[in-house]
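Report on the structure given below.
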Amino acid sequence: MNLEERDSEGWTLLGDAAFNLDVAWQSSYLLKAGANPHGTSAGAKLTPLDAFLRSCTRYEIDHASKWLKVLKEAGINLHKYADEEQSLHGNEHFLKLNWDDEIWKWIPTKKRVMYKYGNGNDELEVWVEDFDALSWFRHGRYDLDIFSLISPRESLGRWRDLNAKDNVIIEKLIEEEIGGAAEQLSLSAGSKVPIIPYYVTPRQLFVVLALFFCLNCVVHVILR
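Residues 10 to 233, numbered by the working numbering, are exactly what the sequence shown covers, in order.
Encoded structure:
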């Protein structure tokens, strides 16, 4: 039997088996028989891991624990497996959920495949998370990866640099604002409000006394 034979849709036997979550024994059998764990489909160049994760999305599962268990039982070094998968996907692994590359290219939120290595060669975590591929609308910037002008890794590095610069600028503005407010408060606390003396002229005093006398006379008249 040719283990790398592809079906009418371009999938290898292992790719077909990986797409079926509930029949892990098929994948296990093919791997132990020598099937290539990285064998890609004819058209979209998808590996069995891509097929498995695609199948997971139907059940709202966002990790590849079951697939990794099958690989481990087949005696595959998971660290080397992850290295090869990332190499095949250009070191930035996105999960294609649409067969049409042009349509998939403009899907706002993509699924990015994440890898976390453990201490031993048989310790590995693989999961998918949302990635805002069109975040270039923010701040009037754009993601050059969308237009295929730079590689995904370069694009990710570019965004990290931009965000780091933004964080420094924001922190500096906050420090300046806090420092200015503290200085203003200190000046206000250290300064005394000047007291402006008020003097009553003799004429003003005479007018006040005259008004008081008149008011007193009116009150006496009324009380009689």
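Even glycine gets a Cβ: it sits at the ideal position worked out from N, Cα and C.
Which residue from the options puts its Cα closest to that of residue i?
i: Val122; options: Phe222, Pro211, Ile70 and Ile231; result: Ile70
i: His88; options: Lys120, Ser74, Gly127 and Glu180; result: Gly127
i: Glu82; options: Asn130, Val230 and Ile187; result: Asn130
i: Gly48; options: Tyr38, Trp76 and Arg15; result: Arg15
i: Ser50; options: Lys105, Glu101 and Val79; result: Lys105
i: Asp59; options: Asp25, Glu184 and Leu220; result: Asp25
i: Cys65; options: Glu138, Gln35, Leu220 and Ser37; result: Glu138
i: Leu40; options: Lys54, Gly84 and Ala53; result: Gly84
Less than 8 Å between the CB atoms is what I'm expecting for residue i and residue j, so what's the real figure, rounded?
i: Ala44; j: Leu62; result: Not a contact, Cβ separation roughly 18 Å.
i: Ser36; j: Val79; result: 5 Å
i: Leu22; j: Leu30; result: 16 Å between Cβ atoms; not a contact.
Decide if residue i is buried, meaning its Cβ has at least 16 other Cβ atoms within 10 Å, or exposed.
i: Pro46; result: buried
i: Phe28; result: buried
i: Leu214; result: exposed
i: Pro57; result: buried
i: Val228; result: exposed
i: Ala173; result: exposed
i: Phe146; result: Annotation note: pLDDT 44 at Phe146 (below 50); position unreliable, coordinate value reported separately. The residue in question, Phe146, is exposed, as its Cβ has fewer than 16 Cβ neighbours within 10 Å.
i: Phe103; result: buried
i: Ala219; result: exposed
What are the boundary residues of the alpha helix (DSSP H) that includes residue i?
i: His88; result: Leu87 to Leu97
i: Leu12; result: Premise fails: Leu12 is in no alpha helix (DSSP H) and is neither H nor E.
i: Glu132; result: Per DSSP, Glu132 belongs to no alpha helix (DSSP H) and is neither H nor E.
i: Lys75; result: Ser74 to Glu82
With DSSP run on the structure shown, which of helix, strand or coil describes residue i?
i: Thr21; result: strand
i: Tyr68; result: coil
i: Trp34; result: helix
i: Glu184; result: helix
i: Lys54; result: coil
i: Lys120; result: strand
i: Lys41; result: helix
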